[in-house]
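Q: Quick one: the structure is below, and I'll ask about it shortly.
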Amino acid sequence: MALQIDDLPAAIRKTKRELREMLPNYRTVFAEVEAAMNQEARHIANLRDRGEPVIPEIQFEDIAANRVSADQIALVKARGACVIRKVFDRSLVEQWDDDIAEYVRRNNLDAKLLDRAEDNYFGQLASSKPQIYGVYWSKPQVLARQSPALTQARVFLNRLWQAESEGRVHFDPEHVPVYADRLRRRPPGSESLGLSAHCDGGSVERWIESNFRKVYRHVFSGNWRGYDPFDAAYRTEVEEIPSPAVCSMFRTFQGWTALTPQGPGDGTLQLVPIANAMVYILLRALQDDVADDDLCGAMPGRALSIKPEYHAPLFRALSSIPLMQAGDTVFWHSDVIHAVEDAHRGKGYSNVMYIASAPSCAKNDAYLRRQLPSFLEGKSPPDFPADHFEVDFVGRATVDDLTPLGRAQMGFGLK
16 MALQIDDLPA
26 AIRKTKRELR
36 EMLPNYRTVF
46 AEVEAAMNQE
56 ARHIANLRDR
66 GEPVIPEIQF
76 EDIAANRVSA
86 DQIALVKARG
96 ACVIRKVFDR
106 SLVEQWDDDI
116 AEYVRRNNLD
126 AKLLDRAEDN
136 YFGQLASSKP
146 QIYGVYWSKP
156 QVLARQSPAL
166 TQARVFLNRL
176 WQAESEGRVH
186 FDPEHVPVYA
196 DRLRRRPPGS
206 ESLGLSAHCD
216 GGSVERWIES
226 NFRKVYRHVF
236 SGNWRGYDPF
246 DAAYRTEVEE
256 IPSPAVCSMF
266 RTFQGWTALT
276 PQGPGDGTLQ
286 LVPIANAMVY
296 ILLRALQDDV
306 ADDDLCGAMP
316 GRALSIKPEY
326 HAPLFRALSS
336 IPLMQAGDTV
346 FWHSDVIHAV
356 EDAHRGKGYS
366 NVMYIASAPS
376 CAKNDAYLRR
386 QLPSFLEGKS
396 PPDFPADHFE
406 VDFVGRATVD
416 DLTPLGRAQM
426 GFGLK
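Per our numbering, the very first residue in the sequence shown carries number 16; after that it's consecutive.
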C-alpha cells in the first residue's frame, strides 16, 4: 500500500509532538545514543586509518560449505554489511560486462538517456546522481539474478534476520524473489557523479507511518539498546510514499555485483558500517535544535539524506569498501548509510549490477505481480522512472531465458 500525506509540515509537527510525549526524556536518551555512536564511529575510523578491514569479508565457498563462523556472522550483523567474494567466476562476469556494453551500444542507449524521465529521487543530495543506466532486462542481469550461487548467497543473508518474532512469521528466508534494478557504468575520470550519504527504503515515513514506528518501537520508547536491526517485525507491513525509484519491496540487504575490478578511489561504494545507526538518525530529529516541522531535512519521496550539520559523528565511520574483483558482491542492510565517491580516479570502467537480497512475503509477492508484466513487455519496473527503453531492444531477455528457479523468482505461478 502507498502512504498519502496531504499536509507534510503539519504531519511532522504532530508526529514530533507525539514522539516527545512518548519519550519525555528524549534529550537524555539521545545523549546516551550520541556517546555510543561517537565511540563506535571512532573505533571504525581507527581501524580504517590503520589499514585494517572494516567491512567483513566472506568467501562464497564458505557459504556453500556451511562453514561461516559464528564470529563472522556476529560481525556482519554489527556492521550491517559484508563483501562476499567469488560468487561468480571472473571470466563469466567479464563476458557479461562485454555483453552489456554491446547491448547498450547496439540499442543506442546513450542517445536515449538524453530524453529519460527524471526520478528526482536523489535531487536533494549534494551530489546528485551517478552514471546509472535504466536497463533491467539484459540477459546478463537476468542470468545473474536467477543463478543458484547468488541465490544461495542471498538465502544466507536472509537467514541473518529474525524472520519470526512478536508471535508472527514475517517472511520465508529460503525463497528469493527478483527485484529488478539497474546498472552502473562509470567511466574513468568522471567527476562529481557520486551520491552523498543517504539511506533508502523510507524518509519521512520512518517517523510518521504507523508500522515504521512499530519497527522502531524500542527506539521511540527509549529502550534503544533493545532495538535489533535484524528483527523483521512490522518491516513487511510498512507503507511508503509513492515515488519513482522508491523501493516498495522489503529488502533484507541492498547489494551489487562487481562487473569490473574497482576499489577505493574508483568512484566506488562507501558505507557507515554501523547496523544500528538508524537509532541516532531517528532520535536526532527530535532534538530541540531541529524545527518542529523538520526531520533533519528529510523529504518525501526522496532518499533520506544524512547531513554533516546533523549527523556529524556518523561521518567519521564513512568508509570505502575494499578492492572488488569481477564476480565479487557487496551487500548492506536496508537501513545502513551509504554513499558513492564523487570522483572515479581509476583507469578502467567501474561497472556493477544492482542485485539486492529479498525474502518471500506478502508485500514482495504483491510487487512481483506488478513487476512481471514489465518483464514480459520489456518495460521499466513499477518502482522506477517510466523510461521503458528496452521495449524494442534487440537481445533483451525473455521468458525463454528463465530457468525454473528464475521463473519462480520472477513470480510465475503466484495467484
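Note that CB positions come from ideal geometry on N, CA and C, so glycine has one too. Given the structure is predicted, the values throughout are model-derived calculations rather than measurements.
1) Measuring only the C-alpha atoms, how far is residue 143 from residue 384?
2) Mind checking who residue 369 pairs with in its DSSP beta bridge?
3) Can you name the residues that DSSP bridges to residue 359?
4) Could you pull out every unbroken alpha helix (DSSP H) segment of at least 4 residues lying fully inside the stretch 62-132, listed in chain order?
5) Taking residue 388 as the reference, give the member of 427, 410, 301 and 96 with the closest Cα.
6) Return helix, strand or coil for residue 307, following the three-state DSSP convention.
7) If you reduce the DSSP assignment to three classes, tell me which class residue 243 lands in.
8) Using CA atoms only, rank isn't needed, just tell me which of 157, 190, 75 and 84 is closest to residue 115.
9) So what does DSSP say about residue 346, is it helix, strand or coil?
10) Less than 8 Å between the beta carbons of residue 335 and residue 356, yes or no?
11) Does the beta-carbon distance from residue 488 to residue 375 come in below 8 Å?
12) With H, G and I counted as helix, E and B as strand and the rest as coil, what does DSSP make of residue 257?
13) What residue range does the alpha helix (DSSP H) around residue 185 cover?
14) Using CA atoms only, rank isn't needed, just tell me which of 95, 120, 88 and 154 is closest to residue 111.
15) Classify residue 58 as helix, strand or coil using the three-state DSSP reduction.
16) Use the C-beta contact count for residue 43: other C-beta atoms within 10 angstroms, 16 or more gives buried, fewer gives exposed.
17) Are at least three pairs of beta-carbons, each pair with one atom in the stretch 258-270 and one in the stretch 221-237, less than 8 Å apart?
18) Within a Cβ cutoff of 7 Å, which residues of the same chain sit near residue 406, ignoring the five residues on either side of it in sequence?
19) Apply the 10 Å Cβ neighbour rule to residue 362 and answer buried if 16 or more other Cβ atoms are within range, or exposed otherwise.
20) Taking the CB atoms as reference points, tell me whether residue 367 and residue 274 lie closer together than 8 Å.
21) Starting from residue 174, trace the alpha helix (DSSP H) in both directions and tell me its first and last residue.
22) Do the stretch 335-355 and the stretch 213-223 make contact, defined as three or more Cβ pairs closer than 8 Å?
23) Exposed or buried, which one is residue 411 when buried takes at least 16 other CB atoms within 10 Å?
24) May I ask you to verify whether the stretch 268-284 touches the stretch 117-125, counting CB pairs closer than 8 Å and requiring at least 3?
A: Looking at the coordinates:
1) Here residue 143 refers to the residue found at position 128 of the sequence shown. Here residue 384 refers to the residue found at position 369 of the sequence shown. Bear in mind that a pLDDT of 47 at residue 143, under 50, signals an unreliable position, so the model cannot answer this.
2) Counted from its first residue, the sequence shown places residue 369 at position 354. 271.
3) Taking the sequence shown and counting its residues from 1, one reaches residue 359 at position 344. Paired residues: 281.
4) Inside the stretch 62-132, DSSP marks whole alpha helix (DSSP H) runs of 4 or more residues at positions 75-79, 85-94, 105-121 and 124-128, from first to last along the chain.
5) Translated into positions along the sequence shown, residue 388 becomes position 373. Nearest of 427, 410, 301 and 96 to residue 388, Cα basis: 427.
6) For the purposes of this step, residue 307 is taken as the residue at position 292 of the sequence shown. Assignment of residue 307 by DSSP, reduced to helix, strand and coil, places it in the coil class.
7) The sequence position of residue 243 within the sequence shown is 228, counting from 1. Note: residue 243 maps to coil in three-state DSSP.
8) Residue 115 sits at position 100 when you count from the first residue of the sequence shown. With respect to the C-alpha of residue 115, the residue from 157, 190, 75 and 84 having the closest C-alpha is 157.
9) Within the sequence shown, the letter at position 331 stands for residue 346. Strand at residue 346.
10) For the purposes of this step, residue 335 is identified with residue 320 of the sequence shown, where counting begins at 1. For the purposes of this step, residue 356 is identified with residue 341 of the sequence shown, where counting begins at 1. Result yes, Cβ atoms of residue 335 and residue 356 sit closer than 8 Å.
11) No answer is possible for residue 488: the residues shown for the chain start at 16 and end at 430.
12) Position 242 of the sequence shown, counted from the first residue, corresponds to residue 257. Note: residue 257 maps to coil in three-state DSSP.
13) In the sequence shown, the residue the question calls residue 185 occupies position 170. Residue 185 -> no alpha helix (DSSP H), and no H or E assigned at all.
14) The sequence position of residue 111 within the sequence shown is 96, counting from 1. Checking every option, the nearest Cα to that of residue 111 belongs to 154.
15) Within the sequence shown, residue 58 is the residue found at index 43, counting from 1. Helix at residue 58.
16) Stepping through the sequence shown from its first residue, residue 43 is reached at position 28. Exposed.
17) no
18) For the purposes of this step, residue 406 is identified with residue 391 of the sequence shown, where counting begins at 1. Excluding residues within five positions, the ones whose Cβ falls inside 7 Å are 392, 393 and 394.
19) Here residue 362 corresponds to residue number 347 of the sequence shown, with the count starting at 1. Residue 362 comes out exposed.
20) Numbered from its first residue, the sequence shown carries residue 367 at position 352. Numbered from its first residue, the sequence shown carries residue 274 at position 259. Yes.
21) Numbered from 1 along the sequence shown, position 159 holds the residue referred to as residue 174. Note, residue 174: premise wrong, no alpha helix (DSSP H); not H, not E.
22) yes
23) Taking the sequence shown and counting its residues from 1, the one referred to as residue 411 is at position 396. It counts as buried.
24) no
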